[in-house]
Amino acid sequence: MMNMMKFEEIKRSALKAVESVSDTEKLEELRIKYLGRKGELTHILRGLKDLAIEEKRKVGPLVQKLKKEIEERIENKKRVLNTQYSLLNTSSLDITKPGKKIKTGHLHPLTIIQNQMREIFSSLNFSVVEGPEVETEYYNFDALNIPPDHPARDMWDTFWLRQDEIKNKKSKIKKDDKLSAESGKAKSSKLLLRTHTSPVQIRYMEKHEPPVQIIVPGRVFRYEATDASHEINFYQLEGLMVGSDISLANFKFIVEHFFKKFLGPDIDFRFRPSYFPFTEPSLEVDIKCKGKWLEVMGAGMVHPNVFRAVKYDPGKVQGFAFGVGIDRLAMIKYSIPDIRLFYSGDLRFIEQF
């Protein structure tokens, strides 16, 4: 009679040995030990002739099943070991060489700059507001103290949209055709690609009471002759601060704090008188870069007519507005010679950042 405890012990040791073996030579030794002509399972099978018929019927299938299982385990292990051996010995693989880093993509330089600007102004308690790139004539010009006959429109006369191609926007246009409480005239609904992000300031003030403290980053469009420093589309960040006692002193502190955080503490500033239809008084901000003065920002105190357009009382509130080109600041910070590189799609340029 076969000792079943011994059979179970052979089974456990055989399967465990096959699982833990680490090379093909030792695997072959195990095959011979258990399945060879003098192997342990072969010895058991040869001993079946000495067993009774009933015991043969019971023990025979168990031994055959174990033999088949060990053979399959050995073949599977052999394939695994051969594959590992092939990979380790191929001439094109250097297992000591560091793996290649998978490219996951990265941010565009203009996005990096915009995120930095948002972070600085957010630390000064400015809220970030965004708005539509397709604007009405009212919000882009009229509400900003730039009426149809104003000469300032000449430099901003930009990309107008044909009304017969925007029928799906009629419902929106009708909303903007409500009467202006100040002038009694219908708000112009002609559509164009916005020339600045100032319209978002108007939209925001229409829906919020002062105090107001916001920045408005976004893409704008101008009818420009393209060259190294001009593009037909670029990115702009505008700011607005309105309250009962806001002055240019507040503006001076905020703009100097921003540029020192953005470009470094050793920055020289120059403030010059200027003109913008929507601010009075107006000024330009210059910074000294590599020994030269560069114009980087236009600003001023919000014009009373702008406050009247949003139903603010200019006798009770005042504030300042400013605008800065994100592309221009990126060119200054990274010493980029041509604005067109930002929109070229050339990965050799973009992957540097």
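Here my numbering is used: the first residue of the sequence shown is 959, the next is one more, and so on. Glycine residues also receive a C-beta, built at the ideal position from the N, C-alpha and C atoms.
Apart from the 5 residues on each side of it in sequence, arginine 1177 sits with its Cβ closer than 7 angstroms to the Cβ of Glu1091, Asn1191 and Tyr1193 in its chain, given in chain order. The shortest CA-to-CA distance from glutamine 1121 to any of Thr1094, Phe1099 and Ile1104 is the one to Thr1094.
In the DSSP assignment, valine 1158 falls within the alpha helix (DSSP H) that extends over 1156-1165. Boundaries of the beta strand (DSSP E) around serine 1232: 1227-1234.
By the beta-carbon neighbour count (other beta carbons within 10 angstroms, threshold 16), phenylalanine 1179 is buried. With a contact defined as Cβ atoms closer than 8 angstroms, asparagine 1208 and asparagine 1103 miss out at about 22 angstroms. Ranking Phe1311, Leu1020 and Leu1149 by CA distance to the CA of tyrosine 1097 puts Leu1149 first. The three-state secondary structure of lysine 996, taken from DSSP, is coil. Relative to the Cα of phenylalanine 1099, the nearest Cα in the group Val1086, Met1113, Ile1060 and Glu1088 belongs to Met1113.
Taking C-beta atoms under 8 angstroms as the contact rule, phenylalanine 1280 and glycine 1197 qualify, at a distance of about 5 angstroms.
For leucine 1065, the number of other beta carbons within 10 angstroms of its own is below 16, and it is reported as exposed. Of the other Cβ atoms in all chains shown, 16 or more fall within 10 Å of the Cβ of tyrosine 992; this residue is therefore buried.
Taking aspartate 1296 as the centre and dropping the five residues before and after it, the same chain places the C-beta of Ala1186 closer than 6 angstroms to its C-beta, in chain order. In the displayed model, isoleucine 1173 falls within a strand according to three-state DSSP. Between proline 1235 and isoleucine 1060, the alpha-carbon positions lie close to 51 angstroms from each other.
Here the alpha carbons of glutamine 1171 and lysine 1210 stand approximately 15 angstroms from one another.
Pairing methionine 1259 with phenylalanine 1278 gives a Cβ-Cβ distance under 9 angstroms. In this chain, serine 1240 is not harboured by any alpha helix (DSSP H); it is covered by the beta strand (DSSP E) spanning 1237-1247.
DSSP, reduced to helix, strand and coil, places threonine 1094 within a strand of the structure shown.
In the DSSP annotation of this structure, the continuous segment of the beta strand (DSSP E) that includes leucine 1252 starts and ends at 1250-1260.
Burial check for tyrosine 1181: the Cβ neighbour count within 10 Å stays below 16, so the residue is exposed.
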